[in-house]
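Undergrad:
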Amino acid sequence: MARVDVLMPQMGESIAEGTLSKWLKKLGDEVKRDEPLFEISTDKVDAEIPAPSAGVLAEIKVQEGQTVPVQTLVAVIETEKGAAKIAVAPAAPVAAAPQPAAPKPAPAPAATSTVLPRPSPSSPDLPKGDGAETAEERLRRKSTPLVRKIAAEHHVDIATIPGTGFAGRVTKQDILGVIERGVTTPVSVPAGTAPRSPLPVSGPVQHPVVEAWPGDRVEPFSKIRKITADHMIMSRRVSAHVTSFFEVDYSRVAELRKKHKAAYQERGVNLTYLAFIVKACAENLRKHAIVNAAVSGDSIIYRQDVNVGIAVALDWGLIVPVVKRADELSLGGLARAINDLGERARTKKLSPDEIQRGTFTITNPGVFGSYAGAPIINQPQVAILGVGAIEKRPKVVTLPDGTDTIAIRTMGMLSMSYDHRVVDGADADRFLADVKQALENFPEGAV
Numbered sequence: 002m003a004r005v006d007v008l009m010p011q012m013g014e015s016i017a018e019g020t021l022s023k024w025l026k027k028l029g030d031e032v033k034r035d036e037p038l039f040e041i042s043t044d045k046v047d048a049e050i051p052a053p054s055a056g057v058l059a060e061i062k063v064q065e066g067q068t069v070p071v072q073t074l075v076a077v078i079e080t081e082k083g084a085a086k087i088a089v090a091p092a093a094p095v096a097a098a099p100q101p102a103a104p105k106p107a108p109a110p111a112a113t114s115t116v117l118p119r120p121s122p123s124s125p126d127l128p129k130g131d132g133a134e135t136a137e138e139r140l141r142r143k144s145t146p147l148v149r150k151i152a153a154e155h156h157v158d159i160a161t162i163p164g165t166g167f168a169g170r171v172t173k174q175d176i177l178g179v180i181e182r183g184v185t186t187p188v189s190v191p192a193g194t195a196p197r198s199p200l201p202v203s204g205p206v207q208h209p210v211v212e213a214w215p216g217d218r219v220e221p222f223s224k225i226r227k228i229t230a231d232h233m234i235m236s237r238r239v240s241a242h243v244t245s246f247f248e249v250d251y252s253r254v255a256e257l258r259k260k261h262k263a264a265y266q267e268r269g270v271n272l273t274y275l276a277f278i279v280k281a282c283a284e285n286l287r288k289h290a291i292v293n294a295a296v297s298g299d300s301i302i303y304r305q306d307v308n309v310g311i312a313v314a315l316d317w318g319l320i321v322p323v324v325k326r327a328d329e330l331s332l333g334g335l336a337r338a339i340n341d342l343g344e345r346a347r348t349k350k351l352s353p354d355e356i357q358r359g360t361f362t363i364t365n366p367g368v369f370g371s372y373a374g375a376p377i378i379n380q381p382q383v384a385i386l387g388v389g390a391i392e393k394r395p396k397v398v399t400l401p402d403g404t405d406t407i408a409i410r411t412m413g414m415l416s417m418s419y420d421h422r423v424v425d426g427a428d429a430d431r432f433l434a435d436v437k438q439a440l441e442n443f444p445e446g447a448v
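Heads up: the sequence shown at position 253 corresponds to 254 in my numbering, and the numbers run straight through without jumps.
1. Figure out for me which residue from Val171, Ala384 and Gly56 has the closest Cα to the Cα of Ala295.
2. By a C-beta neighbour count over all protein chains shown, 10 Å radius and 16 as the cutoff for buried, is Asn293 buried or exposed?
3. Using 10 angstroms around the beta-carbon of Pro353, count the other beta-carbons present and answer buried if the total reaches 16, otherwise exposed.
4. Just how far apart, CA to CA, sit Thr1 and Ile180?
5. Have a look at the DSSP bridge pairing and note the partners of Thr20.
6. Contact defined as beta carbons within less than 8 Å: I believe Gly389 pairs with Met417. What is the distance between those atoms, to the nearest angstrom?
7. With DSSP collapsed to three states, give me the class of Ala312.
8. Would Pro381 be called buried (16 or more neighbouring beta carbons within 10 Å of its own) or exposed?
9. When the Cα atoms are used, what is the spatial distance from Thr73 to Asn285?
10. Are there three or more Cβ pairs, one per stretch, closer than 8 Å when the region 322-336 is compared with the region 267-281?
11. Could you tell me how far apart the beta carbons of Thr229 and Gly318 are, in whole angstroms, since I believe they sit closer than 8 Å?
12. With DSSP as the reference, please indicate the residues paired to Phe361 in a beta bridge.
13. Per DSSP, what kind of secondary structure is Met414 in: helix, strand or coil?
14. Rounded to whole angstroms, how far is the Cβ of Thr399 from the Cβ of Asp405, which I believe are closer than 8 Å?
15. Please look up how many angstroms separate the CB atoms of Val7 and Leu38, rounded, as I've assumed it's under 8 Å.
16. Among the residues of its own chain, which have a CB less than 6 Å from the CB of Ala55, if the five just before and after it don't count?
17. Once DSSP output is grouped into helix, strand and coil, what is the label at Arg394?
18. What first and last residue would you give for the beta strand (DSSP E) that runs through Arg4?
19. DSSP three-state label for Thr172, please.
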């Protein structure tokens, strides 16, 4: 009789826990693979989680309303239908602070991303020695070659790091976070090998304590605010931030919007300035590959996909849904995707995949009236574009006869912060110049 563990999934790169809000199946129910099994809620995403395998819901480990860390065992599915009678009984009381389950053998392989096959005795992922490796240790060691390389360079034992990636894997963010906090765990070095000195790193984030005065209201960081704060500080430490500013004449875009906006609205799409900006960026990210890259140790990863993240300001924080393969979409397709992702971000209806794997980010504080800003890079990307307020301003223009005059034009600022470790000023400015050119001369046929 095969058993499949159902785990609390990772609902985003910065999400460490989730709340099981509702069970869609009862104990003893038959379930089909990919059939909705339960609903979860996080600070960023509400989603239905599908069953990883067909079978019978044999055990429920986490009750409705309980919040647990990612990769916590939520339920068990018996994959041999009818192999055993499942007694439907009241759930046992849930402890206030759930303890991790005792290590147990890994389940049999199944066609699901939440279940890992047991490695063979000769598998290089298994530790050498007489001790049996636990399922948790095996999950942690299932990291990527890049993570193992970084761990080796800094003498960090991956098995000691709580992985937040899919199926408990230690991600690049996990290993960099440990290094950022200055935490290192000695690892064995082969005899006769001189160990490398780990690179110096900054210590843990220390927020200064300030005295509260009479009448002040003191409110602890929310979970999402703490995550954002730590991520922003980490980004500042990791990347050498430089920001370039370009002024853009949006008069051509304003003309096209006025001409085509009604037709788009009839199709249920709001044609915004942001759609034009995303279109111009997506087309030029392919041309300027270094702006669409990531830094990996001493290497540069040139991303094949152009996945543009759009920062969305919410009442409870910030989220960045991602338009996948944005360079392959038309202006209408981009406008529809931006509208859809923004609306579902505000209603917590995004799926986990829709907030991950971004390669370039755009933030639009201009909607609140900001003239320009210097945004912080969204790691592990190397650039982020800030969109300033778009409004009518006086501008000197040259007439066809060569004389200059002052005219009213629709203007706005674009600012891009970039990682000077790999993106030189010339690279950034060439990209921004091409984006500016694309917006100021947007073709009619592309609308």
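The beta carbon of each residue, even a glycine, is placed where N, CA and C say it ideally should be. These figures come from a predicted structure and were not determined experimentally.
TA: So, to answer that:
1. Reading the sequence shown from its first residue, position 294 is the one you call residue 295. When each option's Cα is compared against that of Ala295, the closest is Ala384.
2. Here residue 293 is taken as the residue at index 292 of the sequence shown, counted from 1. With 16 or more other Cβ atoms within 10 Å, it is buried.
3. Here the question's residue 353 lines up with position 352 in the sequence shown. Buried is the call here.
4. Here the chain has residues from 2 to 448 only, and residue 1 is not among them.
5. Start at 1 with the first residue of the sequence shown, and residue 20 comes out as number 19. Per DSSP, Ser42 and Thr68.
6. Counting from 1 along the sequence shown, the entry for residue 389 is found at position 388. Counting from 1 along the sequence shown, the entry for residue 417 is found at position 416. Going by Cβ atoms, the distance from Gly389 to Met417 rounds to 12 Å, so no, they are not a contact pair.
7. By 1-based counting over the sequence shown, the position of residue 312 is 311. Three-state DSSP puts Ala312 in coil, outside helix and strand.
8. Start at 1 with the first residue of the sequence shown, and residue 381 comes out as number 380. With 16 or more Cβ atoms within 10 Å of its Cβ, Pro381 is classed as buried.
9. As a first step, residue 73 must be located in the sequence shown, where it is residue number 72. As a first step, residue 285 must be located in the sequence shown, where it is residue number 284. Distance between the alpha carbons of Thr73 and Asn285 is about 42 Å.
10. yes
11. Counted from its first residue, the sequence shown places residue 229 at position 228. Counted from its first residue, the sequence shown places residue 318 at position 317. Going by Cβ atoms, the distance from Thr229 to Gly318 rounds to 6 Å, so yes, they are a contact pair.
12. Counting from 1 along the sequence shown, the entry for residue 361 is found at position 360. According to DSSP, Phe361 bridges with Val309.
13. On the sequence shown, position 413 is the one that residue 414 refers to. Three-state result, Met414: strand.
14. To locate residue 399, count along the sequence shown from 1; it is residue 398. To locate residue 405, count along the sequence shown from 1; it is residue 404. About 5 Å; that satisfies the 8 Å criterion.
15. Start at 1 with the first residue of the sequence shown, and residue 7 comes out as number 6. Start at 1 with the first residue of the sequence shown, and residue 38 comes out as number 37. At roughly 7 Å, the Cβ-Cβ gap stays under 8 Å, so Val7 and Leu38 are in contact.
16. Here residue 55 corresponds to residue number 54 of the sequence shown, with the count starting at 1. So the list reads Lys33 and Arg34, once near-sequence residues are dropped.
17. Translated into positions along the sequence shown, residue 394 becomes position 393. The answer is strand: DSSP assigns Arg394 an E or B state.
18. For the purposes of this step, residue 4 is taken as the residue at position 3 of the sequence shown. First-last of the beta strand (DSSP E) with Arg4: Arg4 to Leu8.
19. In the sequence shown, residue 172 corresponds to position 171, counting from 1. Looking at Thr172 - three-state DSSP - the assignment turns out to be coil, as it is neither helix nor strand.
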